[in-house]
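Chains as they are written, first to last, in this note's numbering: chain A, 1 to 114; chain B, 1001 to 1114. The C-beta atom is built at its ideal place from N, Cα and C for all residues, glycine as well. Report on one structure; see the data block that follows.
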Amino acid sequence: AQSVSQHNHHVILSEAASLELGCNYSYGGTVNLFWYVQYPGQHLQLLLKYFSGDPLVKGIKGFEAEFIKSKFSFNLRKPSVQWSDTAEYFCAVNAGTNAGKSTFGDGTTLTVKP
Amino acid sequence: KAGVTQTPRYLIKTRGQQVTLSCSPISGHRSVSWYQQTPGQGLQFLFEYFSETQRNKGNFPGRFSGRQFSNSRSEMNVSTLELGDSALYLCASSVSGQGAVVQYFGPGTRLTVT
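And the structure:
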């Protein structure tokens, strides 16, 4: 069975600080990897995705993530956070043959202080 | 294109009652998945429908059921509601639910069971 582990439950940063959120998954086959963001009062939005190819993927709002297959990791990064990045971030994985069934991590709440 | 829509947005029900939630996927999307989001359990997969057939099912009791219509719209039903069913129920749609596809999420239906 697939599982996803997000190491940080709550992260507090000041504006302009750099961000890295950890995500590790457990699955033996080919996977699709995602980061979603949920702003307060809003629905889940896709930040970025990895299907294949270049392991460094860029998403919206300056976010990027690196897929390291040997470490089963897909960490999210942003060089300089803004107050508007305050939100909950979810890492998710699914098997390409079963892309309608995603497994999510527990989420990381990011608070950015102005 | 219009996004995934869910109705109603909010529901209050009494323990023992049943409830039906509705989801309209993005036009052209044939895969519809349902998730339950709670503070304690996070995002958990309920089931996925494709071409009016349930293709995947999560680990939820039989009180949770769903169906999909020929226009890809989907409904989920929860019978004999329990207090623990209080949650945000999210619907997600994708083109096919297989391969390199993205699931797009609706705003959710907030169900409160009293």
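Taking the straight line between their C-alpha atoms, what separation do you get for residue i and residue j?
{"i": "G59(A)", "j": "S1031(B)", "result": "24 Å"}
{"i": "L47(A)", "j": "S84(A)", "result": "14 Å"}
{"i": "T97(A)", "j": "F1050(B)", "result": "13 Å"}
{"i": "K71(A)", "j": "I1012(B)", "result": "44 Å"}
{"i": "P114(A)", "j": "T86(A)", "result": "10 Å"}
{"i": "W1034(B)", "j": "G1108(B)", "result": "10 Å"}
{"i": "K101(A)", "j": "Q2(A)", "result": "10 Å"}
{"i": "I68(A)", "j": "N8(A)", "result": "19 Å"}
Please compile the residues from chain A whose C-beta is within a distance smaller than 7 Å of the C-beta of residue i.
{"i": "V1094(B)", "result": "The sequence shown places Ser at residue 1094(B), rather than the Val named in the question. Here the neighbours are A99 and G100."}
{"i": "S1031(B)", "result": "G100"}
{"i": "E1048(B)", "result": "G100 and K101"}
{"i": "F1069(B)", "result": "In chain order: nothing, as chain A lies at least about 17 Å away."}
So what does residue i bridge to, in DSSP terms?
{"i": "K49(A)", "result": "F34(A)"}
{"i": "Q1098(B)", "result": "The partner list for Q1098(B) (beta bridge, DSSP) is empty, contrary to what the question assumes."}
{"i": "A92(A)", "result": "F34(A) and F104(A)"}
{"i": "G1042(B)", "result": "T1038(B)"}
{"i": "H10(A)", "result": "T109(A)"}
{"i": "L1083(B)", "result": "In the DSSP output, where bridge partners are listed per residue, L1083(B) has none listed."}
{"i": "S1024(B)", "result": "T1005(B)"}
{"i": "V4(A)", "result": "Y25(A)"}
Under 9 Å Cβ-Cβ, which residues of chain A neighbour residue i?
{"i": "L1090(B)", "result": "H43 and L44"}
{"i": "G1084(B)", "result": "Near G1084(B) there are no residues of chain A at all, since even the closest Cβ is about 18 Å away, more than 9 Å."}
Please compile the residues from chain A whose C-beta is within a distance smaller than 8 Å of the C-beta of residue i.
{"i": "N1056(B)", "result": "N98, G100 and K101"}
{"i": "P1107(B)", "result": "Q42 and H43"}
Which residues in chain B have a C-beta closer than 9 Å to the C-beta of residue i? List them in chain order.
{"i": "N32(A)", "result": "G1099, A1100, V1101 and V1102"}
Interface residues of chain B around residue i at Cβ under 7 Å?
{"i": "K49(A)", "result": "V1102"}
{"i": "G107(A)", "result": "G1042"}
Between which residues of its own chain and residue i is the CB-CB distance below 8 Å, once the five residues before and five after are set aside?
{"i": "S1079(B)", "result": "Q1018, R1063 and S1065"}
{"i": "V81(A)", "result": "L13, E15, A16, A17, S18, L19, L110 and V112"}
{"i": "E64(A)", "result": "L48, L56, V57, K58, L76, R77 and K78"}
Excluding the five sequence neighbours on either side, which residues of its own chain have a C-beta within less than 6 Å of the C-beta of residue i, listed in chain order?
{"i": "P79(A)", "result": "S18"}
{"i": "L1081(B)", "result": "K1013, R1015, Q1017 and V1113"}
{"i": "V1095(B)", "result": "H1029 and V1101"}
Along chain B, which residues have their Cβ under 8 Å away from the Cβ of residue i?
{"i": "L63(A)", "result": "Leu is not the amino acid found at residue 63(A); the sequence shown has Phe there. Those do not exist, as F63(A) stays about 15 Å from chain B at its closest Cβ, beyond 8 Å."}
At a cut-off of 7 Å, would you count residue i as near the ligand MN, judging by its Cβ distance to the nearest heavy atom?
{"i": "K1013(B)", "result": "Among the ligands in the structure shown, none appear at all, so the ligand MN cannot be discussed."}
### Message
Counting beta carbon pairs with one atom in the stretch 1029-1045 of chain B and one in the stretch 1080-1094 of chain B, are three or more of them shorter than 8 Å?
### Response
Yes, the stretch 1080-1094 of chain B touches the stretch 1029-1045 of chain B.
### Query
Quick check: the stretch 1002-1011 of chain B against the stretch 87-104 of chain A, are there 3 or more CB pairs under 8 Å?
Output reads no: the stretch 87-104 of chain A does not touch the stretch 1002-1011 of chain B.
### Task
Answer yes if the stretch 101-109 of chain A comes into contact with the stretch 83-90 of chain A, meaning at least three C-beta pairs across the two stretches below 8 Å, and no otherwise.
Touching, per the Cβ criterion.
### Message
Three Cβ pairs or more, each shorter than 8 Å: is that satisfied between the stretch 31-50 of chain A and the stretch 1091-1105 of chain B?
### Response
Contact annotation: the stretch 31-50 of chain A touches the stretch 1091-1105 of chain B, with at least three C-beta pairs closer than 8 Å.
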